[in-house]
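Numbering (this note's numbering), first residue to last: 3 to 273.
This is how it looks when you write it as structure tokens:
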């Protein structure tokens, strides 16, 4: 059974704050360091980890995560190795993990096999960027059978009808992409976040995570005032790229995640 719903319930209701979700590309800088990066994320205060499955054509991702995928694939990263990292992490942690990626690797392995292997390794959910809700049944029965949540994206352009469709197939939480375009850190965040989240919550009863563009503790604090979860990817991936070969990699990761978590804690005090 997925750890995601209970983790979010505890964080949102009992602790009265937004959850911190961080994205890491598996295999960047190499598969051996990925497990240590996950440990550093947890030490820094991450509540959920999105573990990116590298793909050769990540169309929804900006240059930072595209480059991370290229490095991971160049290092020979395979899905079997990624699942081994999760299984090893499970020996010491119950932190929820969802596999973030594209449909091609799922299709290549077969949705049933992919879901079964992911759950066996200890994953809690899947976010398949290019699997629209209209085609959810390609994966959803197998995800449900193996206790995996299926996370879906919403955008500023999402209609009421789209939200209603997502509400029928999503589980765990929904991920609101607060700006249009590809992933990447930004200096400015969406000004209409609060009213948009109200619209989403009228149609969807799941927690709402907000991401795309969050790169500082201050930005995390601002988003955490309204969101159920704050999602940070490119800003962390860029630090991993910069320090991937240095001895202070884990310290840098832990420190940045802690900065984000502190921002969220500040928002909770002002709620």
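All C-beta atoms, glycine included, are put in the ideal place defined by N, C-alpha and C.
In this text, all values refer to a predicted model and were calculated from it rather than measured experimentally.
Does the Cβ-Cβ distance between residue 95 and residue 44 come in under 7 Å?
Within the chain shown, the letter at position 93 stands for residue 95. Within the chain shown, the letter at position 42 stands for residue 44. In this structure, residue 44 lies closer than 7 Å to residue 95 by Cβ.
Please classify residue 32: does DSSP put it in a helix, a strand, or coil?
The residue you call residue 32 lines up with position 30 of the chain shown. Reduced to three states, the DSSP call for residue 32 is coil.
Taking just the CA atoms, how far does residue 264 sit from residue 207?
Position 205 of the chain shown, counting from 1, holds the residue named residue 207. Position 262 of the chain shown, counting from 1, holds the residue named residue 264. For residue 207 and residue 264, the distance between alpha carbons rounds to 27 Å.
Please name the residue or residues paired with residue 21 in a DSSP beta bridge.
Here residue 21 corresponds to residue number 19 of the chain shown, with the count starting at 1. Partner(s): 231.
Tell me the residue span of the beta strand (DSSP E) that contains residue 100.
Position 98 of the chain shown holds residue 100. From DSSP, the beta strand (DSSP E) with residue 100 extends over 99 to 103.
Going by DSSP, what residue range makes up the beta strand (DSSP E) through residue 256?
Here residue 256 corresponds to residue number 254 of the chain shown, with the count starting at 1. No beta strand (DSSP E) holds residue 256; the alpha helix (DSSP H) holding it covers 251 to 272.
Mind reading off the beta-carbon distance from residue 53 to residue 77? Whole number of angstroms is fine, and I expect it under 8 Å.
What you label residue 53 is simply residue 51 of the chain shown in a count that begins at 1. What you label residue 77 is simply residue 75 of the chain shown in a count that begins at 1. Their Cβ separation, rounded to whole angstroms, is 15 Å, which puts residue 53 and residue 77 out of contact at 8 Å.
Say the cut is 6 Å; is the CB of residue 241 nearer than that to a heavy atom of the ligand ADP?
Among the components modelled here there is no ligand, and therefore nothing to report on the ligand ADP.
Using CA coordinates, which residue listed in 239, 236, 211 is at the minimum distance from residue 227?
Taking the first residue of the chain shown as 1, we reach residue 227 at position 225. Measuring from the Cα of residue 227, the nearest candidate turns out to be 211.
Near residue 256, which residues of its chain fall below 7 Å by C-beta distance, leaving aside the five closest residues on each side in sequence?
Locating residue 256 in the chain shown gives position 254, counting from the first residue. Here the set comprises 42, 45, 46.
Within its chain, find whatever has a CB closer than 6 Å to the CB of residue 188; leave out the 5 residues flanking it on each side and keep chain order.
One-based indexing of the chain shown puts residue 188 at position 186. The pLDDT assigned to residue 188 is 45, lower than 50, so where the model puts this residue is not dependable; a value taken from the coordinates is nonetheless given after this. Once the five neighbours on either side are set aside, the close Cβ partners of residue 188 are 215.
Have a look at 111, 169, 57, 266 and flag the residue whose alpha-carbon is nearest the alpha-carbon of residue 232.
Position 230 of the chain shown, counted from the first residue, corresponds to residue 232. The option with the nearest alpha carbon to residue 232 is 266.
When you compare only the Cα positions, how much space is there between residue 99 and residue 51?
Within the chain shown, numbered from 1, the residue matching residue 99 stands at position 97. Within the chain shown, numbered from 1, the residue matching residue 51 stands at position 49. Roughly 5 Å separates the two Cα atoms.
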